[in-house]
Amino acid sequence: MQEINAWLQNGLDYKTGAALYIKYGNNTFLKRLLEADPTPYTTEKLEAELRKMAPELNVIADKPKLEIKQHAPAPSEQVEPVKTPDQCKSNTEDLKRYLQIKEDQKTLYRQLERNMTELDMSKNEPFLLLTAKNILSLHGKIRDRYKLIDYFDLNGEFPDLKAKIQRTPAEEIQLLRVSIYKAKIRLQSPGCRDIEQTKKLITESQNRIIALGGKIKS
């Protein structure tokens, strides 16, 4: 394992370390996680696993830990605009949301670590499959939250999701018609479980189309 020893002694580059574990490691699911973008969990886990695979190496205790490089924006002098009361309220709500996301991340990491431990210890195939699915789901949630955290760190607020999904009346009418079409297909299926709810959805969608100035197609 001279390649691993060399990695531990020189640089601790994430991509190189991930490639080494994918080449020599045994945990298939960890390999899949390492193929994605690095997170604090996968970074720490990668170093720990590679150290286990190179026990003969006498690693110095104060060896720098593997870090994920962050690209900070270039500093610039800007005059901060005066914020309205609504903007101040929005920023306060975003800050609360930011702190909550950070707390949620800690919980997700604990769940991920527990699932990884169970994956290593169990030999029951159905349980292993379920645990693997949980790991991939947790990893996806963690990655999505880090995107929000990074956005907030750079911009001081969260992206305006409402602005992104705003549609024209014609676009909304088209989506409603698709929804009605799919609902009618479900009603014709013998396996339709919630007939009343599906009929209600059709009626509400038709009423919304009329309110938007559209016509109901038979």
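Just so we're aligned, residue 1268 is where the sequence shown starts under the working numbering, counting upward by one. All residues carry an ideal CB built from backbone N, CA and C; glycine is no exception.
- Judged by DSSP in its simplified three-state form, T1306 adopts coil rather than helix or strand.
- Sorting K1369, K1400 and E1385 by C-alpha distance to the C-alpha of K1414 places K1369 at the top.
- Rounded to the nearest angstrom, the gap between the Cα atoms of I1483 and L1403 is 43 Å.
- The shortest CA-to-CA distance from A1286 to any of Y1365, N1277 and L1313 is the one to L1313.
- Scanning E1439, E1463, L1300 and I1462 for the CA closest to the CA of I1477 turns up E1439.
- Cα atoms of G1480 and Q1473: separation of roughly 11 Å, rounded to the nearest angstrom.
- Annotated three-state conformation of M1388 is helix, per DSSP.
- The residue among Q1269, N1277, L1468 and R1299 with its C-alpha nearest the C-alpha of M1383 is R1299.
- In the three-state scheme derived from DSSP, where H, G and I count as helix and E and B as strand, G1407 is classed as helix.
- Taken through DSSP and simplified to helix, strand or coil, D1461 comes out as coil.
- Nearest C-alpha to I1447 among Q1464, G1458, T1435 and P1457: Q1464.
- Comparing alpha carbon positions, the residue from P1393, E1392, P1436 and L1379 closest to R1410 is L1379.
- Here DSSP, grouped into helix, strand and coil, assigns F1425 to coil.
- According to the DSSP assignment, N1272 belongs to the alpha helix (DSSP H) that extends over Q1269 to Q1276.
- Sequence-distant Cβ neighbours of A1321 in its own chain, meaning closer than 8 Å and more than five residues away, are M1268, I1271, N1272 and L1275.
- Around the beta carbon of E1316, a 10 Å sphere encloses 16 or more other beta carbons of the protein chains shown; the residue is thus reported as buried.
- For the pair F1419 and D1361, the CB atoms are nearer than the 8 Å cut-off.
- Spanning the alpha carbons of A1437 and N1277 requires a straight line of approximately 59 Å.
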